[in-house]
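Residue 581 in the numbering used here sits at position 326 of the sequence shown, and the numbers go up by one each step. What follows is a single structure, written as structure tokens, with notes after it.
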Amino acid sequence: MKKIGVIVVIMLIIALLSLKSGTNEKQTKNRVSKEQVILEKNKAKYNKHIRFYNRILNIDKGLLYYFEDAGVEKKFKVIQNEDIKAEIAIDRNFVDKLKELEKIKEKDELDKKAIAMIPILEKMLPIVDKMRTYYNNKEYLKDKYTGAQILHTELLAILDKYNQVTKNYKELFEKKSSEIKKLMIKDYDKRREFITYNQFMFIEEGDNIIKEIHKQGLDASDFSTKGNSKKFKKIEEKMAKALTKFEKSLKNTKQLTKEGYIVGQHNNFVQKSNKFKESVNVFIQKIEKKEKASHSSISDSFFAQTEKGTPENVLSSFNEVVKEHNKLLTQKTKK
């Protein structure tokens, strides 16, 4: 379940990196900052790795949904009267794109970590292809799950290795992405674009909520008993202050114009941000009251994303905030 939340974080990085470089190209009159030079230098490489990283997260999500249906035990968990999905996003094109990294003369650590994923992905590819065909054609209804057990066993046999090599890659990429984001924030501060800067500050505090959920290892099945509400409350207070400061800065119409915005352009972002804030508040209250999630949310992460106050719902709500953030930056850059 918790892997879904990581997708939320990287969506922000995609917009930051690509849009920042777009802004650089338009700044012919202004002095180019040190941060902008570094961002431009890293643009091509990180844009490529963003796509790789995002694909790995989609594979993780597909594996998550599959194992929620099939179970992680050696014996396949038979589910009667339900459609089973095996949409695991590995294909030949993705593997071939990774192989192109092998041709690079000067490889950095991120390239090497990505290349290290190729052997296990090549082993998984034929298994995933067979699974996709098997479940799409509902062959399990014809062979009484015999094929399902065989494919399940094959996938389990290589799952640990997949988790190991992809974890190494994701951790390094997340570290690099965090450095990029800090450069972005510093650059907006230097250029005195306070509305965009304050928006980033709220996003940062929201991101800290997500990181704390990961740190405590929480999901819908255990958050109300395992969660440390005191730590979340401290972050939530900072987040609420950051949102208030951002909303106040929107009242400065002269500053809005300076940064390339118009009055009312941030309405959706503010609405989604308050919805996220509400989800965090309910999440904290549920921990304090030891209030469990519904049975549907505990057994299925898809349902958990829709139940207000679950970790998955907090992540999903933050996802919506980030989408609006990206839209605003896109609109800002195009002007």
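Ideal Cβ placement from N, Cα and C applies to all residues, glycine included.
Euclidean distance between Cα positions of residue i and residue j
i: E579; j: G402; result: 44 Å
i: G326; j: D338; result: 15 Å
i: E575; j: F307; result: 22 Å
i: D462; j: K358; result: 36 Å
i: I370; j: T508; result: 49 Å
i: K541; j: G564; result: 7 Å
i: K340; j: E394; result: 12 Å
i: K500; j: N453; result: 7 Å
i: Y389; j: L319; result: 18 Å
i: F331; j: K582; result: 43 Å
i: D444; j: K296; result: 20 Å
i: I293; j: A299; result: 12 Å
i: A412; j: K399; result: 22 Å
i: N523; j: N529; result: 10 Å
i: A497; j: I305; result: 28 Å
i: K284; j: L511; result: Note that K284 has pLDDT 48, beneath the 50 cutoff, so the model's placement of it is unreliable and no number is given.
i: N483; j: D477; result: 12 Å
i: N391; j: S433; result: 39 Å
i: L356; j: I311; result: 16 Å
i: P381; j: L396; result: 22 Å
i: R446; j: F349; result: 39 Å
i: E364; j: I468; result: 28 Å
i: K316; j: E342; result: 9 Å
i: K354; j: K431; result: 21 Å
i: K489; j: E448; result: 27 Å
i: Y516; j: E562; result: 34 Å
i: V287; j: S552; result: 49 Å
i: D366; j: M456; result: 31 Å
Range covered by the alpha helix (DSSP H) that runs through residue i
i: T561; result: Per DSSP, T561 belongs to no alpha helix (DSSP H) and is neither H nor E.
i: Y424; result: 401-445
i: M494; result: 484-504
i: H550; result: 550-554
i: F331; result: No alpha helix (DSSP H) contains F331, which DSSP labels as neither H nor E.
i: N507; result: No alpha helix (DSSP H) holds N507; DSSP gives it neither H nor E.
i: N237; result: Given that the chain is displayed from residue 256 to residue 590, the structure contains no residue 237 and the question cannot be resolved.
i: V350; result: 347-354
i: S479; result: 478-481
i: V383; result: 373-391
i: G461; result: 449-471
i: A369; result: 364-370
i: D398; result: 395-398
Cβ-Cβ distance between residue i and residue j below 9 Å
i: V569; j: I465; result: yes
i: S556; j: A475; result: yes
i: E502; j: V525; result: yes
i: S479; j: E409; result: no
i: Q520; j: Q586; result: yes
i: F538; j: F487; result: yes
i: I440; j: S504; result: no
i: L427; j: K368; result: yes
i: M379; j: I435; result: no
i: E290; j: D384; result: no
i: E328; j: S554; result: no
i: M386; j: L414; result: no
i: E491; j: K527; result: no
i: L473; j: P566; result: yes
i: K493; j: E460; result: yes
The region 414-427 in contact with the region 374-390 per 3-pair CB rule at 8 Å: Yes, the region 414-427 is in contact with the region 374-390.
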